[in-house]
Every structure is written in structure tokens, then in C-alpha cells.
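In what follows, a structure is listed as C-alpha cells, so that the remarks can point back to it.
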Amino acid sequence: MSKQIKIAVDIRDLRIAKTGSKTYLEEICREFKKNHPGFTFHFIDTWLPVYTGSNKLLKAIEHIRFFTWKQLLLPVICLVNGYDILFCTDYFVPLLKLKVKTVVVFYDAFFWEYPQHYNQIWLLLLNTFGVTAAKKADAVITITHYSKKQIANYVGIAPERIHAIHLAPKSSTKQIDLQNAVLDPEKKYILHIGVLEKRKNLPNLIRAFSLLLQEGYKEYYLVLAGNSIAKANTDDSGNISNLIQQLGLEDRVILPGFISDEQLAYYYKSASVYAFVSINEGFGLPVLEAFQNNLPTLISNNSCLPEVGGDAVVTCDPFDEHDIRDKLKMILDNPALQKELVEKGRKRLSLFSWQDTSGQLLEVFKKIHTNT
Numbered sequence: 001m002s003k004q005i006k007i008a009v010d011i012r013d014l015r016i017a018k019t020g021s022k023t024y025l026e027e028i029c030r031e032f033k034k035n036h037p038g039f040t041f042h043f044i045d046t047w048l049p050v051y052t053g054s055n056k057l058l059k060a061i062e063h064i065r066f067f068t069w070k071q072l073l074l075p076v077i078c079l080v081n082g083y084d085i086l087f088c089t090d091y092f093v094p095l096l097k098l099k100v101k102t103v104v105v106f107y108d109a110f111f112w113e114y115p116q117h118y119n120q121i122w123l124l125l126l127n128t129f130g131v132t133a134a135k136k137a138d139a140v141i142t143i144t145h146y147s148k149k150q151i152a153n154y155v156g157i158a159p160e161r162i163h164a165i166h167l168a169p170k171s172s173t174k175q176i177d178l179q180n181a182v183l184d185p186e187k188k189y190i191l192h193i194g195v196l197e198k199r200k201n202l203p204n205l206i207r208a209f210s211l212l213l214q215e216g217y218k219e220y221y222l223v224l225a226g227n228s229i230a231k232a233n234t235d236d237s238g239n240i241s242n243l244i245q246q247l248g249l250e251d252r253v254i255l256p257g258f259i260s261d262e263q264l265a266y267y268y269k270s271a272s273v274y275a276f277v278s279i280n281e282g283f284g285l286p287v288l289e290a291f292q293n294n295l296p297t298l299i300s301n302n303s304c305l306p307e308v309g310g311d312a313v314v315t316c317d318p319f320d321e322h323d324i325r326d327k328l329k330m331i332l333d334n335p336a337l338q339k340e341l342v343e344k345g346r347k348r349l350s351l352f353s354w355q356d357t358s359g360q361l362l363e364v365f366k367k368i369h370t371n372t
């Protein structure tokens with residue numbers, strides 16, 4: 001009987017991760033817990049509580065604890081337990097490998113594309129520890145071919161060492177009963193799901209929506225569902241609120257804040273069209289969630305979004321609010337196009353599954369373990 005490949009998965013990030021990175025780790029762990037002949041999985045977590053508040057001193061202490069976990073404790077745990085591969089999904093693997101092979105996930109290149117949006121001390125630590133360790137790692141995983149290209153360009157990791165493996169929509173997305181409705185079922189909605197971050201380009205979507213109203217589409221409302229960002233340099237909630245007031249759209253733009261998994265399906269089901277006009281994305285999971293909920297979808301014609309959406313979407317220039325408006329009109333005015341997009345979206349969705357994602361990861365693990 002061949003030797004089992006022992007994979008250690010760092011799950012400490014589940015204590016602090018949000019949005020896409022949390023979904024990734026949760027879904028991958030769910031798949032890894034299934035039977036995979038030739039592999040055994042060990043899920044490694046800290047035994048100490050993780051601070052997630054806003055106190056600066058405690059945050060600094062938490063950063064020290066994070067790097068102690070990554071750079072000292074993890075490699076020792078792997079060595080003592082004889083793990084063959086350590087898999088980390090949060091940009092950081094140990095610099096000191098102690099015989100264990102390392103695989104790290106870089107979701108995108110935003111840290112290097114928009115350095116002005118991030119704390120400079122954090123960027124220094126990321127480049128000192130994260131990038132240096134990634135260059136020594138046995139494999140780097142990312143989530144689209146677009147992200148692979150950006151990471152190679154900005155970070156300097158050889159493209160052949162970066163593996164682009166697609167994601168899939170949340171398996172936890174649920175249908176809910178109309179009795180729990182949080183939107184007026186008599187109204188029509190254009191929907192966006194995502195944090196109120198600058199790269200989401202929501203002011204341009206709001207301007208396009210205002211132009212749409214001026215052309216007589218008075219029955220529609222715009223729903224921007226998602227939290228603001230704690231980082232002042234990336235948060236766009238202030239600009240969004242000011243623009244809504246300037247355009248007199250207080251009664252037309254709905255800002256419900258964070259959406260739970262139980263509510264998420266209802267928002268998708270209540271919408272007429274999903275609008276995702278970001279200027280940069282690493283993957284864009286809401287596109288697949290829109291497909292999952294049979295919702296016609298408009299996306300930006302840039303970054304990874306056409307790679308994910310394929311022929312199941314309408315694309316627009318995210319920098320041109322008039323083009324966004326025109327493409328929204330094209331979808332809203334054309335029931336035949338809506339039906340076509342829904343059908344194509346359903347077919348497109350079949351190309352993405354967490355089973356496929358985990359299977360491709362296992363192939364990477366097997367390859368690097370063989371190259372001992």
C-alpha cells in the first residue's frame with residue numbers, strides 16, 4: 001500500500017476571514033473532509049483566541065501573534081507530526097520550512113496594484129515575509145488566469161509556479177420563504193452584492209442608475225448590499241452616501257448593509273438584473289451566485305470578469321456611466337435576452353464546482369510531493 005500524503009491545512013484564518021477568502025477556506029475544508037484515497041488531511045488551528053477588535057495596541061499584539069504562529073509554531077507543528085505539505089490560504093506560509101513542502105494562496109495582486117490603499121507597515125511585513133516565503137514555496141495557487149498574470153507581473157513569481165484554479169459559488173446559499181422578505185415584492189430592483197470598496201466602482205453604477213431614472217425607468221430601485229470597509233483608504237461608503245444625496249436618490253438607492261446567507265438568495269431572487277461594474281476583481285463570486293439564482297448579469301469588460309462570465313453575461317465599460325446605463329436598458333427591455341442570459345448562465349455555472357477545485361488542488365499536492 002502506498003504511503004498516504006499528509007496535508008496540514010492552516011485554518012486559523014477562519015477566525016478572522018471575511019467574504020471570499022472565508023468562503024474559499026470553508027468550502028475547501030468541506031471538500032477535503034471527504035474521502036480522498038492517498039491523502040489524509042489535518043486541520044491546524046491555534047489554541048489561543050484571536051483578537052478582531054479595533055484597539056490599536058491589541059491589534060499590534062495580534063499581528064505579532066499571527067507572525068509567531070506562521071513563522072515559528074506552524075513549521076514546528078508540521079515537523080513534529082510528520083506532515084508532508086502545509087497549505088495556507090491567506091498569503092502567508094512559513095519562511096522556515098523544516099522539511100515540509102508549502103503551498104500558499106494569493107487571491108489577487110491588489111496589495112501591489114493599489115499600495116496606497118493599505119497600511120504601509122502591513123505591506124512591508126507582507127513583502128518581507130509573505131512574498132519571500134511564497135517565492136520559496138513549492139506552489140502558489142490563485143483563482144483566475146488574470147490573477148496569475150498580475151501576480152507574476154507585480155510579485156515576480158515565475159508563472160510556471162503559479163496555478164490558476166477557479167472557485168465555485170457558496171454551497172451554503174439558501175432559499176428562504178417569502179414570509180421572511182426584506183424587500184418589497186411589488187418593486188423591481190437592480191442588485192449589487194459586495195463590500196462598499198473603491199474598486200467596486202459603485203459611484204459610477206449610481207450615476208448610471210440616475211441616468212436610467214431620467215429616461216423613465218421609474219419603477220426600478222438600486223440595491224447596494226454590503227458593509228463598509230474598516231480601512232479608510234479603501235472604504236467608499238462616504239462617497240456613496242454623499243453621491244446619493246447629491247443626486248436626490250435617498251428613496252431610490254437601498255443600502256441594507258451586511259447580508260446573511262439566509263437572506264442572500266432572497267435578494268438575488270427579488271432582482272431584475274445583477275450589475276457588477278468593478279474596475280478590478282480577483283474572481284467575482286457574485287457572478288456565479290447570480291447564475292445560480294437565474295439572474296441576468298451585467299459585468300465590467302475588464303480584469304477577470306469576462307473569464308468568469310464567458311458568454312453568459314453582458315459587458316460594459318465600467319468607466320462610462322452612459323455605457324452602463326445603455327447596457328442595463330438593453331437587458332431590462334429585452335425579455336428574450338434575459339431568458340438567453342439565464343440559460344447560458346446555468347450552463348456556465350456547471351463549469352465551476354468545489355469538487356473540481358479540490359481535485360485540481362490534489363493534483364498540485366501530488367505533483368509537488370512526487371518531486372521530492
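First residue of the sequence shown: 1, per my numbering; consecutive thereafter.
Glycine included, C-beta positions come from ideal geometry on N, C-alpha and C.
Query                                                                                                                                                                          : Result
Assess, as a yes-or-no matter, whether the stretch 211-221 is touched by the stretch 252-265 under the definition of 3 or more beta carbon pairs within less than 8 Å.         : yes
Nearest CA to the CA of LYS56: which residue from ILE324, ALA230, ILE190 and THR40?                                                                                            : ALA230
Three-state secondary structure (DSSP) at PRO256?                                                                                                                              : strand
Within 10 angstroms of the Cβ of SER171, are there 16 or more other Cβ atoms? Answer buried if so, exposed if not.                                                             : exposed
Whose C-beta lies closer than 7 Å to the C-beta of MET1 among residues of the same chain, with five residues either side of it excluded?                                       : With a pLDDT of only 39 at MET1, under the threshold of 50, the placement of this residue in the model should not be trusted, and no figure is reported.
Give the range of the beta strand (DSSP E) segment to which SER300 is assigned.                                                                                                : 297-300
In terms of residue numbering, what span does the alpha helix (DSSP H) encompassing LYS135 cover?                                                                              : 132-136
Mapping the DSSP letters down to three states, classify PHE87 as helix, strand or coil.                                                                                        : strand
Taking all protein chains shown into account, do 16 or more other C-beta atoms lie within 10 angstroms of the C-beta of ASP311, making it buried, or fewer, making it exposed? : exposed
My parser needs the alpha helix (DSSP H) runs of 4 or more residues fully inside the stretch 181-264; what are they?                                                           : 202-214 and 237-246
Over what stretch of residues does the beta strand (DSSP E) that includes HIS42 continue unbroken?                                                                             : 39-44
Using DSSP with H/G/I as helix, E/B as strand and the rest coil, what is VAL155?                                                                                               : helix
For CYS29, name the three-state secondary structure that DSSP assigns.                                                                                                         : helix
For the ligand GDP, any of its heavy atoms closer than 8 Å to the Cβ of ALA208?                                                                                                : No copy of the ligand GDP occurs in the structure displayed, which carries no ligand at all.
Within 9 Å (strictly less), CB to CB, does SER278 reach chain C?                                                                                                               : No chain C is part of this structure, which consists of one protein chain only.
Please go through the stretch 287-362 and give each complete alpha helix (DSSP H) segment of 4 or more residues, from N-terminal end onward.                                   : 305-309, 321-332 and 335-349
Hey, out of LYS59, VAL182, VAL105 and GLY156, whose CA is closest to TRP122's CA?                                                                                              : LYS59
How many Å lie between CYS304 and ASN81 at the Cα?                                                                                                                             : 39 Å
Would you call the stretch 183-193 and the stretch 266-273 in contact, with 3 or more CB pairs under 8 Å?                                                                      : yes
How many angstroms separate the CA atom of THR40 from the CA atom of ALA275?                                                                                                   : 41 Å
Just checking my contact of ILE85 with VAL100 at CB under 8 Å: how many whole Å lie between their CB atoms?                                                                    : 7 Å
Is TYR274 helix, strand or coil when you go by DSSP?                                                                                                                           : strand
Just the Cα atoms here: how many angstroms apart are PHE142 and LYS70?                                                                                                         : The amino acid occupying residue 142 in the given sequence is Thr; Phe does not appear at that position. Going from the Cα of THR142 to the Cα of LYS70 covers about 20 Å.
Have a look at ASN302 and PHE209 and give me their C-alpha separation to the nearest angstrom.                                                                                 : 20 Å
So which of SER241, LEU298 and ASP90 has the shortest CA-CA distance to ILE324?                                                                                                : LEU298
So ILE141 is in the beta strand (DSSP E); what residue range does that whole segment cover?                                                                                    : 139-142
Taking C-alpha atoms, which residue in CYS29, SER21, HIS42 and LEU14 lies nearest to GLN4?                                                                                     : HIS42
Please tell me whether PHE352 and ASP108 are closer than 9 Å, where the distance is taken between their beta carbons.                                                          : no
Within a Cβ cutoff of 6 Å, which residues of the same chain sit near ALA8, ignoring the five residues on either side of it in sequence?                                        : HIS42, ILE44, CYS78, TYR83 and LEU86
Going along the chain, which residues of its own chain have a beta-carbon closer than 7 Å to the beta-carbon of THR52, five neighbours each way excluded?                      : ILE16
Does the distance from the CB of LEU224 to the CB of LEU247 come in under 9 Å?                                                                                                 : no
By the DSSP assignment, the beta strand (DSSP E) with LYS6 in it spans what residues?                                                                                          : 5-10
Using only CA atoms, which one of VAL273, VAL313 and THR46 lies nearest to ALA295?                                                                                             : The residue you asked about is not Ala; residue 295 is Leu in the sequence shown. Closest by alpha carbon: VAL273.
Measuring CA to CA, which of GLU340, ALA139, ALA152 and LEU183 is closest to VAL364?                                                                                           : ALA139
Please look up how many angstroms separate the CB atoms of ILE279 and ARG199, rounded, as I've assumed it's under 8 Å.                                                         : 5 Å
How is the beta strand (DSSP E) around HIS163 delimited, first residue to last?                                                                                                : 162-164
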